[in-house]
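If you're matching positions, the sequence shown starts at 11 in this note's numbering and goes up one per residue. Each residue gets a CB set at the ideal place from its N, CA and C atoms; glycine is no exception. Being a predicted model, the structure only gives us computed values, none of them experimental.
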Amino acid sequence: MTPERYNRLSDVLAKRQPDITIVLENVFDPHNISAVMRTCDAVGVQEIFILNTKIPRHKKWGAKSSSSAAKWLTVHQFEDLDACVKVLRERYSKILTTHLSSDAVSLHQIDFTQSIALVFGNEQAGVSDEMRAKADGNFIIPQVGIIQSLNISVACAVTLYEAYRQKEIAGHYERDDASHPMKSALAHEWGLTSNARPEIND
């Protein structure tokens, strides 16, 4: 590995955010999934959960949309909702779903400096009743148009960049958390252990 490559990967790893994740429930179009992956990589979200309870398990993503982002993310696939939620509860403090309801809060009212999992649902039906029943609440993206809906990959991008804004202001991208289990595991996976550091000759 060249010093330039090592430094580039080290910088990316340092800015990965272990306290935020995206959950895609029964999202049918693999190109939507891959577009979400690309956004996750762009803002430092490492983990993404793919939950398929009503459609077949995905075997591949839309490579053109993801620009190989999938290989740099940790992708978890589940067919069982309870099993997925169990893991989310072990790793994140709050689960919020995107759903237009009377009790939904605006995207801009969410505190993204907390540990959080964000659930986006199927292109037609949205998040399932079963998932919403297990979540801590719902949120919406403010809109003033007629349709009142966004493509799932666009909705996810808007949400994640609000999270990015809040977390950047809070200094989350400059935290000294290299010892976090997620980052330690990635350091080994990406070949960034101390004994792998390339020598730089003056």
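Using 8 Å as the threshold, is the C-beta distance between residue i and residue j below it?
i    : j    : result
V55  : I32  : yes
F130 : L34  : yes
K104 : I126 : yes
P152 : S116 : yes
A93  : R48  : no
E133 : F38  : yes
L83  : I58  : yes
Expressed to the nearest angstrom, what Euclidean distance is found between the alpha-carbon atoms of residue i and residue j?
i    : j    : result
V85  : I60  : 7 Å
T107 : D186 : 30 Å
D29  : T123 : 8 Å
K25  : S194 : 13 Å
L196 : E100 : 19 Å
Report the three-state DSSP secondary structure of residue i (helix, strand or coil).
i    : result
H198 : helix
R175 : helix
S163 : helix
Q119 : helix
Compare the Cα-Cα distances from residue i to each of the options and report the closest residue.
i    : options            : result
D90  : P66, Y102, D113    : P66
I162 : A24, N42, S78, L19 : N42
V164 : S20, D21, C50      : C50
I120 : G201, L170, R142   : L170
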